[in-house]
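*Asks:*
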Amino acid sequence: MIAMEDQDPALGDVDIMICGFPGKSVCHGGLGWSTVAMIRAEGRTALVDAGNFGMRKLILEQLSGRGLAPADVTDLLLTHSHYDHSVNWTLFRHARIVVGAAEMEWALQVPWGETPVPELYVRALDDWSTCEKVADGATVFPGMTAHVAPGHTPGCLVFHWRTPQRDYIFTGDAAKNRAELVSRDTDMTYDAAVSRRSIEMIWSLWRQRAGTVVVPGHDLPMVLDNGRPRYLGKRRAGIRAWYGRDMQTLIEIDLAS
Ligand SMILES: [Zn+2]
Numbered sequence: 010m011i012a013m014e015d016q017d018p019a020l021g022d023v024d025i026m027i028c029g030f031p032g033k034s035v036c037h038g039g040l041g042w043s044t045v046a047m048i049r050a051e052g053r054t055a056l057v058d059a060g061n062f063g064m065r066k067l068i069l070e071q072l073s074g075r076g077l078a079p080a081d082v083t084d085l086l087l088t089h090s091h092y093d094h095s096v097n098w099t100l101f102r103h104a105r106i107v108v109g110a111a112e113m114e115w116a117l118q119v120p121w122g123e124t125p126v127p128e129l130y131v132r133a134l135d136d137w138s139t140c141e142k143v144a145d146g147a148t149v150f151p152g153m154t155a156h157v158a159p160g161h162t163p164g165c166l167v168f169h170w171r172t173p174q175r176d177y178i179f180t181g182d183a184a185k186n187r188a189e190l191v192s193r194d195t196d197m198t199y200d201a202a203v204s205r206r207s208i209e210m211i212w213s214l215w216r217q218r219a220g221t222v223v224v225p226g227h228d229l230p231m232v233l234d235n236g237r238p239r240y241l242g243k244r245r246a247g248i249r250a251w252y253g254r255d256m257q258t259l260i261e262i263d264l265a266s
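For the sequence shown, our numbering assigns the number 10 to the initial residue and increments by one for each residue that follows.
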């Protein structure tokens, strides 16, 4: 999470409500610490992705810290169907909910219980009246184009948002973090070559305009400095654990460095 006052000015109009983390757990499967970002334009308030179950209380706190309630969110733009990005659509069920048409088609057919797709939430979303399934090239928010960027999932969307001040690219898990962007290698891909092409597409958008900010699915936002990604903001991540014999003794494990 980036406190609003700590936000780097180069980030401009994107408000990172929860900042994703570029890591995996060692013994407990996926962490699912993903980015939830807020943007506003023309009287609308959108979220890019909705986080995972564990973030529900935090999302409510983050909204309330901005004087907002879930009902104030007019648009929810989902990069893909994985639980750590999509499952809280139910909190924003009144909003227009954008998801890739190809993503939904795929997500509805995955074998139950075997993937990070929350099968029943995806089924309910498919039937939901405000769900808008979009194709490659669709305009999904004022100034924002959705690009299909397969590899992590077949219908992952990358959102390219052009504002008068600067451009933004929300990469979701098509490029989860800086290491994937720089190396073009990916973790959790069904086809490394397909993922690589999607990352090259992100790079070509990134280089189009100086000052363009990339907001990945699981990392700090970045800008290019002499062609190299520079992080905006400071990483914060940690765990508090009861390793003692009473509830008062909590040790804090810093994961940020
Ligand atoms: Zn994912």
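Where is the CB? At the ideal position from N, CA and C, for every residue including glycine.
Just so you know, these numbers come straight off a predicted model, no measurement behind them.
1. For L134, count neighbouring Cβ atoms within 10 angstroms of its own Cβ and tell me buried if that reaches 16, exposed if not.
2. Are the stretch 21–34 and the stretch 162–178 touching by the rule of at least three beta carbon pairs closer than 8 Å?
3. Which residue or residues does DSSP assign as beta-bridge partners of P225?
4. Within 10 angstroms of its Cβ, does I11 collect 16 or more other Cβ (buried), or is it exposed?
5. Determine the direct distance from the alpha carbon of W115 to that of E189, and round the result to whole angstroms.
6. Going along the chain, which residues put their C-beta within less than 5 Å of some heavy atom in ligand 1?
7. Which residue marks the beginning of the beta strand (DSSP E) containing W170, and which one marks its end?
8. I'd like the list of long-range same chain contacts for G247, defined as Cβ closer than 8 Å, with 5 residues on each side in sequence excluded.
9. Is it true that the CB of D93 sits closer than 8 Å to the CB of G60?
10. Would you mind giving the Cβ-Cβ distance between H89 and D182, rounded to the nearest angstrom? I have them listed as a contact below 8 Å.
11. Quick check on A78: buried or exposed, where buried means 16 or more other Cβ atoms within 10 Å of its Cβ?
12. Looking at the unbroken alpha helix (DSSP H) that takes in G74, where does it start and where does it end?
13. Please tell me whether E141 and R105 are closer than 8 Å, where the distance is taken between their beta carbons.
14. Would W121 and E112 be called neighbours here (beta carbons separated by less than 8 Å)?
*Replies:* Quick answer:
1. Taking the first residue of the sequence shown as 1, we reach residue 134 at position 125. Result: buried.
2. Yes: at least three Cβ pairs fall under 8 Å.
3. As a first step, residue 225 must be located in the sequence shown, where it is residue number 216. Paired residue(s): G181.
4. Locating residue 11 in the sequence shown gives position 2, counting from the first residue. The predicted model places I11 with a pLDDT of 48, which falls under 50 and marks its position as unreliable; any figure quoted below should be read in that light. Classification for I11: buried.
5. The residue labelled residue 189 in the question sits at position 180 within the sequence shown. The residue labelled residue 115 in the question sits at position 106 within the sequence shown. Between the C-alpha atoms of E189 and W115 there is a straight-line separation of about 24 Å.
6. Those residues, listed in chain order, are H91, D182.
7. For the purposes of this step, residue 170 is taken as residue 161 along the sequence shown, with counting starting at 1. Per DSSP, the unbroken beta strand (DSSP E) holding W170 starts and ends at 166–171.
8. Against the sequence shown, residue 247 aligns to sequence position 238. If we look at G247 and ignore the five residues flanking it on each side, its Cβ neighbours are E261, I262, D263, L264, A265.
9. Stepping through the sequence shown from its first residue, residue 60 is reached at position 51. Stepping through the sequence shown from its first residue, residue 93 is reached at position 84. Contact: yes.
10. Residue numbering aside, residue 89 sits at position 80 when the sequence shown is read from its first letter. Residue numbering aside, residue 182 sits at position 173 when the sequence shown is read from its first letter. In this structure H89 is in contact with D182, their Cβ atoms being roughly 6 Å apart against a cut-off of 8 Å.
11. Along the sequence shown, read from residue 1 onward, the residue named residue 78 stands at position 69. Flag for A78 reads exposed.
12. Counting from one through the sequence shown, the residue named residue 74 turns up at place 65. 65–74 is the span of the alpha helix (DSSP H), which, as asked, contains G74.
13. In the sequence shown, counting from the first residue as 1, residue 141 sits at position 132. In the sequence shown, counting from the first residue as 1, residue 105 sits at position 96. In terms of Cβ geometry, E141 and R105 form a close pair [threshold 8 Å].
14. Along the sequence shown, read from residue 1 onward, the residue named residue 121 stands at position 112. Along the sequence shown, read from residue 1 onward, the residue named residue 112 stands at position 103. When the beta-carbon positions are compared, W121 and E112 stay at least 8 Å from each other.
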